[in-house]
Amino acid sequence: MPGFTLPKNARVPGTKIASLAAAVFAVPLILTGCTDNTKAPDTAGGAIDVVSSNSECKVSATSVPSGNLTFSVKNEGTEVTEFYLLAADGLRILGEVENIGPGLSRNLVVTAPAGTYTTACKPGMEGDGIRAALEVTPSGNQRPADADFQHLLDTATTQYASYVKDQGEQLLTGTEQFAAAFAAGDAATARGLYAATRQHWERIEPVAESFGDLDPQLDAREADLEPGQEWTGWHRAEKDLFPPAGYTALTAAERSAIADRMVADTKDLVERTRTLEISADMLGNGAKELLDEVATGKVTGEEEIWSHTDLWDFQANVDGARIAFENLKPALRQKDAALAASLDEKFAALQAELATHAQGAACTSYDKLTPEQVQRLASLVDALGEPLSRLTAAVVL
Amino acid sequence: MTGCPFSGRAPEASEPATGPASAQAPLDPENGERPTAGARLSRRGLFGIAGLGGAAAGLAAGFLGHDAVAASAAPPAADSPVVPFHGDHQAGITAPAQDRLHMAAFDVTTTKREELIQLLKDWTRAAEALAEGRPAGATGAVDGPYGAPPEDTGEALDLNAGKLTLTFGFGAGLFEKDGVPRFGLDGRRPEALIDLPHFPGDDLDPARSGGDLVVQACADDPQVAVHAIRNLARIGFGKVRVRWSQLGFGRTSSTTRAQQTPRNLFGFKDGTNNLKVEDDQLLDQHVWATAGRPEDAWLAGGSYLVARRIRMHIETWDRTSLGEQEGLIGRTKGTGAPLSGGEEFTEPDFTRQGKGGKPLIPLDSHMRMAHPSQNSGVRMLRRGYNYTDGSDGVGHLDAGLFFIAFVTDPRSHYVPMQMAMAKGDTLAVEYLKHTGSGLFAVPGGVKPGGFIGDGLFA
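First to last, the protein sequences are chains A and B. Under numbering that gives the first Met the number 0, the first residue of the first sequence carries the number 0, and numbering increases by one thereafter. Under numbering that gives the first Met the number 0, the first residue of the second sequence carries the number 0, and numbering increases by one thereafter.
And the structure:
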């Protein structure tokens, strides 16, 4: 498993590749003449105030200029409320804010081209809500029609779902091989498989972590345990394969139990990812979380304290983040082409630095890095992490 | 009032002395300042003095530690910069949380009981003076012999007392080291002064943890707090050495209802639900230690101080959406209202449901996990401070919360809650890392003429 090349598993099924290619070709045409407007100013009059009570939905304007609309929604009722901006058909949702408790305020920011819309407050979160018409007048801050945009998002989530499935299957295959070697006491083989197999986990870590029970069973570090908690999973095996001084090795029976549990838990994980519903914000947030993982765990060498294979995890986290970004990129280019370009550049810069730590198919051991090298990596992670954190809002708003 | 940053009147020259119990001039009730002797330069400049006798006695009184009589004769006004040192409880627990912190933990290096006792006496005398805005030692920073180093280090000259409180605590290491009792304190270690367990995710630095003695210096002026710790450390040379010290630049808790709730480095109001000094009965129940065994009588009016240095991953936090931030905390960022609705001090409604039947205050939110209703009703008096300590070496600020809590018993009032939060509070798991830790038994207040923890050595 090459650690520092583009992951082969970035491949997506042929039909999906075709639809991606079509989307990429379509984008420049749609964007022509529009890129200067990607930072449309806020509504001239500032936020549109919405006051939701148990029986009323007061919207401070009935007509606003097109562009970025900010609705400042205050719940003055006694029920939990929601606010929606709907298309003229009263069905398609352009934006919503949910779960506004009594007395609380929340903003909805949505980009709306000229047209007729429907606003709706939904006190009690039931029924059709209290509706009114909202006219959005042409202001020059026009956006391309977004029918294609939804298609781009759908393509992105389909592609990412394939990626998660593919990584999960490779993780299972690798885990079975690793577990067999580990249980059999073939430490050399197990050590050789350890980092490369974990990369499949690390690439889809936010998805894996969303299963709150499986994550600690498979990936808990010793420091994460509470007194008396049973320790299983990858890092339990790591300590046995890369033992610190004074460590007492596991018995064959203990190794078998750990190995069997890892395989069973991984099967469970793969099974659950098959039915996981993936939305566009999960891609954006997942990419951000992967970079967070790098920034707080991998770049500091805290993840793999015995094997020092942190850079393998680092590379895999970056792979996973980049795949999510690449999947969203056609949609992002429509909304914020400058952000897409900036992310391209910063992913490339980080990858170039990581490439200097490749040793054939392997990654340099973390304990061989100089403090200066760690600092360079960390600063590239931050340089990428900051704009990456804007990805979700850019495509989902 | 040249040299005095606070407005207030200078004491009248004709003001009568308070009597034979203390010939020292009383505190000015408005500014808490004390006129000082003759040519002696006080921390806040030169003042007139009632007479030569008063001057001489004043020096003696300061040295002998009879100041409290004067203090009780003229209790400081509410806006006075002086917080009384003496009392049933040590100062610095229920006193309105000051803006700045300097806390230091010490290893005791002497093995002699009498040297330890003398140190505690010396610290008491110094603390009495510092709390009143006077310099350490009889001759202060500039009134000693020209050929000798000054007794006080001097950086607090011209500053008032700044509401300085000094709170002292005893770590387990004072009672025993490696299983061997120290200082004749065999069997005296309180049962509640446990060794804290490992909490999930702990990454404790031994150089930032533990300590045989601790001093919490809180003041509204950081220079005053640092001056206090520095002078106590200096007095201790040869008997103690500084193990770790921590500056806190901004309070993160309120201890009175008059104070506005401050914000932590996540930008959220912190300690909305903190115990307040007005909660008399709750303080008895949750803060003041109970002397369970006869040999623990010195703990009456005392407490236990839990200190945790909590690094916050502020860089990744700042990349998190407002919606996620509020969900992790369980309150709104603007007003601090619980997500179930209302205003900051509205009681949270943990059962109130939003979209899809999910609770408005998420199950893994910090506020829910920390709430008394989730923790067998236990409360803490929190007195933490925001800190930044330079960089972490990889381009981030080493910043976070220096958590301080006073509790009646850490076994019931800290360990179970922290164990649950270290596992289940997503905020703690993703964005916090505990890097330092200390637990100290805080003796009851010091009586005039007594010294810190004197009951333990009686």
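For glycine and all other residues, C-beta sits at the position ideal for the given N, C-alpha and C. Being a predicted model, the structure only gives us computed values, none of them experimental.
Closest to B/Leu252 by C-alpha separation, out of B/Ala369, B/Phe402 and B/Asp408, would be which residue? Per the sequence presented here, residue 252 of chain B reads as Ser, with Leu not at that position. Relative to the Cα of B/Ser252, the nearest Cα in the group B/Ala369, B/Phe402 and B/Asp408 belongs to B/Phe402.
Does any CB atom of chain A fall closer than 8 Å to the CB of B/Arg351? yes
Minimum length 4: unbroken alpha helix (DSSP H) runs contained in the stretch 149 to 223 of chain B: 171 to 174
Give the DSSP bridge partners of B/Tyr303, in chain order. B/Val406 and B/Ala440
Using the three-state DSSP reduction, which class does A/Pro386 fall into: helix, strand or coil? helix
What is the rounded straight-line gap between the Cα of A/Thr231 and the Cα of B/Gly172? Each residue's Cα considered, the two are about 35 Å apart.
According to DSSP, is B/Tyr384 helix, strand or coil? strand
Can you tell me whether DSSP reads B/Pro134 as helix, strand or coil? coil
Do you know how far the Cα of B/Val241 is from the Cα of B/Thr93? 26 Å
Under the three-state DSSP convention, the category B/Ser244 falls into: strand
Got a sec? Which residues, its chain only, sit under 7 Å from A/Ser399 by beta carbon, not counting five neighbours each side? Residue numbering for chain A in the displayed model covers 0 to 396; residue 399 of chain A lies beyond these limits and cannot be assessed.
Is the Cβ-Cβ distance between A/Ala155 and A/Asn326 less than 8 Å? yes
6 Å Cβ shell around A/Glu81 - same chain, five flanking residues per side excluded: Glu97, Lys121 and Met124
So what's B/Leu468 in DSSP terms, helix, strand or just coil? The displayed coordinates of chain B run from 0 to 457. Any statement about residue 468 of chain B would go beyond what the structure contains.
Since A/Asn98 is in the beta strand (DSSP E), which residue starts that stretch and which ends it? Ile92 to Ile99
In terms of alpha-carbon separation, which member of A/Phe148, A/Lys297 and A/Ile99 lies closest to A/Thr426? Here chain A has residues from 0 to 396 only, and residue 426 of chain A is not among them.
Spatially closest choice to A/Ala251 from A/Lys297, A/Arg220 and A/Ala179, by CA coordinates: A/Ala179
Would DSSP call A/Lys57 helix, strand or coil? Here DSSP, grouped into helix, strand and coil, assigns A/Lys57 to strand.
N- and C-terminal bounds of the beta strand (DSSP E) containing A/Arg105: Ser104 to Ala111
At the level of alpha carbons, what is the spacing between A/Glu385 and A/Arg332? Their Cα atoms are separated by approximately 18 Å.
Coil, strand or helix - B/Gln280 by DSSP: helix
Three-state secondary structure assigned by DSSP to A/Thr156: helix
So is B/Lys238 in contact with chain A if we call contact Cβ pairs under 8 Å? no
Considering only residues of the same chain and omitting the five flanking positions on each side of B/Phe267, which have a CB-CB separation below 8 Å? Gln324, Ile328, Arg330, Lys332 and Gly335
Once DSSP output is grouped into helix, strand and coil, what is the label at B/Ser71? At B/Ser71 the pLDDT is 41, less than 50, meaning the model places this residue with poor confidence and gives no usable figure here.
Classify A/Tyr116 as helix, strand or coil using the three-state DSSP reduction. strand
How big is the Cα-Cα spacing for A/Ala398 and A/Ile277? Nothing about residue 398 of chain A can be read from this structure; chain A reaches only from 0 to 396.
Pull up the CB-CB distance for A/Cys56 and A/Ala132, whole angstroms please, since I reckon it's below 8 Å. Their Cβ separation, rounded to whole angstroms, is 12 Å, which puts A/Cys56 and A/Ala132 out of contact at 8 Å.
Does any CB atom of chain A fall closer than 8 Å to the CB of B/Asp201? yes
Length of the line joining the Cα atoms of B/Val414 and B/Leu195: 7 Å
Check whether the stretch 346 to 361 of chain B touches the stretch 315 to 322 of chain B, counting contact only when three or more Cβ pairs, one atom from each stretch, lie closer than 8 Å. no
Residue-chain proximity (B/Arg318, chain A), Cβ-Cβ < 8 Å: The beta-carbon of B/Arg318 is placed less than 8 Å from the nearest beta-carbon of chain A.
Just the C-alpha distance for A/Glu221 and A/Ser71, rounded to the nearest angstrom, thanks. 46 Å
Are the stretch 306 to 316 of chain B and the stretch 285 to 295 of chain A touching, with three or more C-beta to C-beta distances below 8 Å? Yes, the stretch 306 to 316 of chain B is in contact with the stretch 285 to 295 of chain A.
With a threshold of 16 other CB atoms inside 10 Å of the CB of A/Asn106, please say whether the residue is buried or exposed. Exposed: under 16 other Cβ atoms inside 10 Å.
Extent of the continuous beta strand (DSSP E) run through A/Tyr83: Thr80 to Leu85
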